[in-house]
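Counting from 55, one number per residue, gives the positions in the sequence shown under the numbering used here. Quick reminder that beta carbons are idealized off the backbone N, C-alpha and C, glycines included. Predicted, not measured: the structure shown is a model, and the values here were computed from it. Here is the structure we will look at, set down as structure tokens.
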Amino acid sequence: VEIVGRIGPEGQELEPLDEESVVSAAAELRAAGAESVAVVLLFSFLNPEHERRVASILERELPGIPVTVSSDVAPEIREYLRASTTAVNAALLPLVGGYVARLAEAVAARGVRVPVYLMRSNGGLAAARTAADLPVSLVTSGPAAGVVAAARLAAAAGLPDLLTFDMGGTTADLAVVVGGQPQVRWIGEQSGYRVNLPEVDVLCIGAGGGSLAHVGPFGALHVGPDSAGAVPGPAAYGRGGDLPTVTDAHVVLGTLAAQRTLGGDLKLDPDLAEEAVRTHVAGPMGGTVEEAAAAMIRVADANMASALRVISVARGIDPRRMTLVALGGAGPMHGCSLAEELDMDSVLVPLYPGVTAALGLLLTDVRHDLGRSWVRGTDRIEPAALQEQVDELGARGRALLEQSGH
């Protein structure tokens, strides 16, 4: 929805904001049933006054509907990146904002007196209120927490350079740690949308314990990216699933012992696992159940090894000089075979691999990444003006830290 007004490329006001056009836009959004609004105006990263006034009018005209302004989310040059990041935040705000608010209230109701913190994609924590206002900063927080924990645990063992491999039920999350520091990327992508915020550089692929296996029309075996999920889950769980998963392959091969329980009370059914593998893999391929299960594991390993090469070899990093940290509920079962595939000679498995990401929450710090674009030719930079920009960021950073209890 367009409104009338214009900020120029030097941050100057070329055309005043027409507030009546904002009121009309609000009426149009209300009629459309909008649940959240993103405000993205030209050159607002240089001068946010129009955006802030628009937000004020929208909050008056659309009470209860959250408003996200681009100059707060990503005040940096390049309109598409700024618009995309702001739109993702606006889309998440009604769901995540409400959830975080309810979480904080529930924790306080239990008598907990310390602040609630949430993990962010940048590998740090933020206070609940700050996180609720910027949910786009949380989108890869779980994988980031696993990388942070892996880096800290490996550092305690004197291992600074790592490939981290976090395999759960649906995905395998891979990252690089150099000199004890998780590598960070400054522009990410979520569901096809660019996100112009720093985040721990994690590559996620569809390979987990619940990844489904099937034989294609030309006889090739495929594993993932589709997953059985938590419901119904692998066939061996006995919860209605009848398609073979990586977990079922491990049950057939004995890597997961049928006489043991998962999570303390879930008993594995080897007969159901064998039936799923026999029907959907062994039969079509013309082999034994054990051969089919071993093939499923090899294909899953090949997919993950290929992804590990993407984040290491393809970037000029030699994995043979690094340690593979295998974490997540399924990671340690594949750690040694992946290390062999990449000619790595050391694998580190945390004591409690399934909760390593949760441990990362306890091993990290409050962190806020702040940035803005200040566009000048180098011959026009005045030190005092540059210092003013830096001081503004510093003041904002201090305010955020105070909100976080520091």
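Assuming ALA79 contacts ILE57 (C-beta within less than 8 Å), just tell me the rounded distance between them.
In the sequence shown, residue 79 corresponds to position 25, counting from 1. In the sequence shown, residue 57 corresponds to position 3, counting from 1. Contact flag correct, Cβ pair sits at about 5 Å.
If we ignore side chains and look at the alpha-carbon of each, how far apart do ARG239 and ILE61 end up?
By one-based count along the sequence shown, residue 239 stands at place 185. By one-based count along the sequence shown, residue 61 stands at place 7. Their Cα atoms are separated by approximately 30 Å.
What does SER175 pair with, by DSSP beta-bridge criteria?
Mapped onto the sequence shown, residue 175 falls at position 121. According to DSSP, SER175 bridges with nothing at all.
Going by the beta-carbon positions, is the gap between ARG371 and VAL230 smaller than 8 Å?
Locating residue 371 in the sequence shown gives position 317, where the first residue counts as 1. Locating residue 230 in the sequence shown gives position 176, where the first residue counts as 1. Here the sequence assigns Ile to residue 371, which means Arg is not the residue at that position. Cβ distance < 8 Å, so ILE371 and VAL230 count as in contact.
Which whole runs of the alpha helix (DSSP H) in the segment 370 to 437 are 4 residues long or more, in chain order?
For the segment 370 to 437, whole alpha helix (DSSP H) runs of length 4 or above, ordered along the chain, are 385 to 395 and 410 to 416.
As an exercise, report each continuous alpha helix (DSSP H) stretch of at least 4 residues that is fully enclosed by the segment 322 to 352, in chain order.
Taken in chain order, the unbroken stretches of alpha helix (DSSP H) that lie wholly in the segment 322 to 352 and span 4 residues or more are 324 to 331.
Could you check where the beta strand (DSSP E) with GLU14 kicks off and where it finishes?
No statement about residue 14 is possible, as the shown extent of the chain runs from 55 to 460 and does not include it.
Does the segment 194 to 205 come within contact of the segment 406 to 413, defined as at least 3 CB pairs closer than 8 Å?
Result yes; three or more Cβ-Cβ pairs closer than 8 Å.
Cα-Cα separation between PRO120 and GLY295, rounded to whole angstroms:
Along the sequence shown, one-based indexing puts residue 120 at 66. Along the sequence shown, one-based indexing puts residue 295 at 241. Each residue's Cα considered, the two are about 40 Å apart.
Would the beta-carbon of LEU297 fall within 8 Å of that of ALA330?
The residue labelled residue 297 in the question sits at position 243 within the sequence shown. The residue labelled residue 330 in the question sits at position 276 within the sequence shown. Yes. Within cutoff.
Grab me the residues of GLU69's own chain with a C-beta within less than 6 Å of its C-beta, minus the 5 sequence neighbours each way, in chain order.
Residue mapping note: residue 69 aligns to position 15 of the sequence shown, counting from 1. If we look at GLU69 and ignore the five residues flanking it on each side, its Cβ neighbours are GLY59 and ARG60.
If I measure Cβ to Cβ from SER90 and keep anything under 6 Å in the same chain, skipping five residues before and after, which residues do I get?
As a working note, residue 90 is residue 36 in the sequence shown. These residues qualify, in order along the chain: PRO120, ALA144, LEU147 and PRO148.
Assign SER125 to one of three DSSP states: helix, strand, or coil.
As a first step, residue 125 must be located in the sequence shown, where it is residue number 71. In the displayed model, SER125 falls within a helix according to three-state DSSP.
CA-to-CA distance, ALA336 to ALA155, given in whole angstroms
Counting from 1 along the sequence shown, the entry for residue 155 is found at position 101. Counting from 1 along the sequence shown, the entry for residue 336 is found at position 282. C-alpha separation (whole angstroms): 50 Å.
Using the Cα positions of LEU322 and THR299, report the straight-line distance between them to the nearest angstrom.
Taking the sequence shown and counting its residues from 1, one reaches residue 322 at position 268. Taking the sequence shown and counting its residues from 1, one reaches residue 299 at position 245. In this model, LEU322 and THR299 are separated by some 13 Å (Cα to Cα).
Alpha carbon of PRO404 to alpha carbon of GLY263, nearest angstrom
Here the question's residue 404 lines up with position 350 in the sequence shown. Here the question's residue 263 lines up with position 209 in the sequence shown. C-alpha of PRO404 to C-alpha of GLY263: approximately 18 Å in a straight line.
Can you pull the DSSP bridge partners for ASP220?
Walking along the sequence shown from the start, residue 220 turns up at place 166. Looking at the DSSP assignment, ASP220 forms a beta bridge with ASP227 and LEU381.
Identity of the residues DSSP links to ILE259 by a beta bridge:
Reading the sequence shown from its first residue, position 205 is the one you call residue 259. DSSP output for ILE259 lists ALA226 as bridge partner(s).
Determine which residues share a DSSP beta bridge with GLN244 and list them.
Against the sequence shown, residue 244 aligns to sequence position 190. In the DSSP assignment, GLN244 is bridged to TYR247.
Beta-carbon spacing of PRO252, VAL202 below 8 Å:
Stepping through the sequence shown from its first residue, residue 252 is reached at position 198. Stepping through the sequence shown from its first residue, residue 202 is reached at position 148. Contact flag unset, no.
Might you give, ordered along the chain, the residues of its own chain that have their beta carbon closer than 6 Å to the beta carbon of ARG426, omitting 5 neighbours on each side?
Numbered from 1 along the sequence shown, position 372 holds the residue referred to as residue 426. Shown here for ARG426: same chain residues with a beta carbon closer than 6 Å to its own, the five before and five after excluded, namely PRO129 in chain order.
Give me the Cβ distance between SER265 and ALA354, rounded to the nearest whole Å; I'm assuming they're in contact under 8 Å.
The residue given as residue 265 occupies position 211 in the sequence shown. The residue given as residue 354 occupies position 300 in the sequence shown. The pair is a contact, with the Cβ atoms about 6 Å apart (cut-off 8 Å).
Distance, Cα to Cα, SER110 vs ALA453?
Within the sequence shown, numbered from 1, the residue matching residue 110 stands at position 56. Within the sequence shown, numbered from 1, the residue matching residue 453 stands at position 399. Cα to Cα, the separation comes out at about 21 Å.
Shortest alpha-carbon distance to LEU100 belongs to which of GLU113, ASP126, THR301 and SER75?
On the sequence shown, position 46 is the one that residue 100 refers to. For LEU100, the nearest C-alpha among the options comes from ASP126.
Would you grab the beta carbon distance between PRO169 and ALA160 for me? Rounded to a whole angstrom, and I think it's under 8 Å.
Along the sequence shown, read from residue 1 onward, the residue named residue 169 stands at position 115. Along the sequence shown, read from residue 1 onward, the residue named residue 160 stands at position 106. Rounded to whole angstroms, the Cβ separation of PRO169 and ALA160 is 14 Å, and the two are not in contact under 8 Å.
Alpha carbon to alpha carbon, how far is ALA274 from ALA346?
Residue numbering aside, residue 274 sits at position 220 when the sequence shown is read from its first letter. Residue numbering aside, residue 346 sits at position 292 when the sequence shown is read from its first letter. Straight through space, the alpha carbons of ALA346 and ALA274 are spaced by roughly 12 Å.
8 Å Cβ shell around ALA88 - same chain, five flanking residues per side excluded:
By one-based count along the sequence shown, residue 88 stands at place 34. Same-chain partners within the cutoff: LEU116 and ILE119.
Less than 7 Å between C-beta atoms, sequence neighbours within five positions excluded: which residues of the same chain meet that for THR309?
Position 255 of the sequence shown, counting from 1, holds the residue named residue 309. If you ignore the 5 residues before and after THR309, its C-beta comes within less than 7 Å of the C-beta of MET387, all in its own chain and listed in chain order.
Stretch-stretch touch, CB-based, cutoff 8 Å, three pairs: the segment 208 to 222 with the segment 359 to 378:
Cβ pair count under 8 Å is three or more, so yes.
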